[in-house]
Structure formats: C-alpha cells, structure tokens
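Using my numbering, read the sequence shown as starting at 224 and increasing by one per residue. Some notes on the structure that comes next.
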Amino acid sequence: MKALTFCTGTILVAGLSIAPAQASTFSVGSRAATCYAASQSYSVRSGELDNCTAALDQEPLSFEDRVATLVNRGIVRMNLGDNAGADRDFDTALSMDRNEAEAYLNKGLLRLRQDKPSEAMPLIQRAIEAHTIRPALALYARGVAHEMMGDLKAAFTDLSQARDMAPGWKLPAEQLARYRVH
Numbered sequence: 224m225k226a227l228t229f230c231t232g233t234i235l236v237a238g239l240s241i242a243p244a245q246a247s248t249f250s251v252g253s254r255a256a257t258c259y260a261a262s263q264s265y266s267v268r269s270g271e272l273d274n275c276t277a278a279l280d281q282e283p284l285s286f287e288d289r290v291a292t293l294v295n296r297g298i299v300r301m302n303l304g305d306n307a308g309a310d311r312d313f314d315t316a317l318s319m320d321r322n323e324a325e326a327y328l329n330k331g332l333l334r335l336r337q338d339k340p341s342e343a344m345p346l347i348q349r350a351i352e353a354h355t356i357r358p359a360l361a362l363y364a365r366g367v368a369h370e371m372m373g374d375l376k377a378a379f380t381d382l383s384q385a386r387d388m389a390p391g392w393k394l395p396a397e398q399l400a401r402y403r404v405h
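Printed below as a string of structure tokens:
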C-alpha cells in the first residue's frame with residue numbers, strides 16, 4: 224500500500240489546479256463579472272482585486288450577488304496569497320448567508336493550503352451538505368484532508384467518488400493511481 228504524503232503546497236498545485244467554487248454569474252461588463260472571471264484564474268493580479276472591491280463598494284448588487292462577489296473576492300485574495308483577507312471575505316459571506324456552500328468550500332480549501340486538514344474537514348463537509356456547485360472538488364478536497372490526517376481508506380473512497388462524479392477531471396484518477404488496493 225502506498226502511504227500518501229503531501230508536501231506543503233501540494234494541494235495548491237494538485238487540488239486547486241482547477242478553478243475554486245464560484246458562487247454566481249453576473250452581467251457582462253460589470254465589475255462583479257470581472258471579479259468572477261478573476262476568481263477562475265490562478266494568475267491574478269492585484270488590480271483584479273480592486274475590481275472586486277469596487278463591485279462591492281459601487282455596484283448595485285442583489286443580496287445573492289453581493290454574497291457571491293465576497294466569495295469570489297476571497298478566492299482572488301487566496302490566489303494572491305492574502306490568506307487573512309480571504310478568510311475575512313469568506314466569513315463575511317457566511318455571516319450574510321449561513322448556507323453559502325462555496326464560502327465553506329473555499330474556506331476549507333484555504334485551510335488545506337495552510338496544512339490544516341482537521342480545520343478543513345468540517346468546512347468541506349458543510350459545503351457538501353449545503354450542496355456546493357462543485358461536489359467533485361469538495362469530495363476531492365475531503366479526500367486530501369483524510370489523506371493528510373492519515374485515513375487512507377476514507378481518502379481512497381472520497382477520491383474514487385470524485386473521479387466517478389467528474390470522469391473528465393484527471394486529477395482524482397491520477398491521485399488514485401498512487402494507491403494499491405489489497
């Protein structure tokens with residue numbers, strides 16, 4: 224059996240090599256839409272963070288779009304390395320909507336980046352229970368958290384479910400190839 228290990232930052236490369244879970248879409252040309260697009264990219268620039276903030280400060284957003292823009296700004300901050308700012312945005316979104324699955328999921332992903340799987344686990348689980356729009360990513364992340372905590376059987380189960388749920392996404396299958404099942 225392969226003992227699975229992740230060096231610090233592997234979740235950043237492996238688990239987060241696809242776009243994190245965004246919460247909504249917006250009108251073309253709005254700053255909120257620009258923020259959403261930036262949240263899908265890992266090569267963000269600080270100017271894109273300014274668009275997110277301007278959307279929140281200057282655009283008339285619906286309640287749902289304000290929550291989504293907070294989540295998206297949190298993702299941009301996370302990808303810029305501003306973990307504290309990302310945490311604040313996710314927490315603000317959750318204070319507005321306690322069922323915002325994408326805030327829970329991205330906060331959990333942030334905890335994995337910080338090598339805190341025991342803190343990530345309940346956040347990821349809450350995202351799954353709140354019906355995240357990215358269930359395969361949530362299962363993958365939960366599998367990574369299980370692996371980091373030494374529960375290889377649970378990790379294998381979650382990674383297998385992520386693979387089955389998103390067969391076109393290669394990462395779960397690649398991670399499963401490291402396992403030997405007896």
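The beta carbon of each residue, even a glycine, is placed where N, CA and C say it ideally should be.
Query: Please name the residue, chosen from 296, 332, 353 and 390, that lies closest to residue 308 on a Cα-to-Cα basis.; Result: 296
Query: Tell me which same chain residues have a C-beta within less than 7 Å of the C-beta of residue 315, skipping the five on either side of it?; Result: 293
Query: Within this structure, are the beta carbons of residue 302 and residue 267 separated by less than 8 Å?; Result: yes
Query: For the putative contact between residue 358 and residue 319, defined by C-beta atoms under 8 Å, what is the C-beta separation to the nearest angstrom?; Result: Their Cβ separation, rounded to whole angstroms, is 23 Å, which puts residue 358 and residue 319 out of contact at 8 Å.
Query: Using 10 angstroms around the beta-carbon of residue 405, count the other beta-carbons present and answer buried if the total reaches 16, otherwise exposed.; Result: exposed
Query: Give, in chain order, every unbroken run of the alpha helix (DSSP H) that is at least 4 residues long and sits entirely within the stretch 353-402.; Result: 358-371, 375-388 and 393-399
Query: In angstroms, rounded to a whole number, what distance separates the CA positions of residue 380 and residue 277?; Result: 42 Å
Query: Quick one: using the 10 Å Cβ neighbour count with 16 as the cut-off for buried, is residue 369 buried or exposed?; Result: buried
Query: So the candidates are 265, 257, 366 and 330; which of them puts its Cα closest to the Cα of residue 384?; Result: 366
Query: Go ahead and pull the three-state DSSP assignment for residue 345.; Result: helix
Query: Going by C-alpha to C-alpha distance, which of 362, 284 and 399 sits closest to residue 344?; Result: 362
Query: For residue 337, which three-state DSSP category applies?; Result: coil
Query: When you compare only the Cα positions, how much space is there between residue 275 and residue 304?; Result: 16 Å
Query: Kindly indicate the opening and closing residues of the alpha helix (DSSP H) around residue 214.; Result: Lying outside 224 to 405, the shown extent of the chain, residue 214 is not represented and no answer is given.
Query: In three-state DSSP terms, what is residue 318?; Result: helix
Query: Which of helix, strand or coil does DSSP assign to residue 305?; Result: coil
Query: Please state whether DSSP places residue 269 in a helix, a strand or coil.; Result: helix
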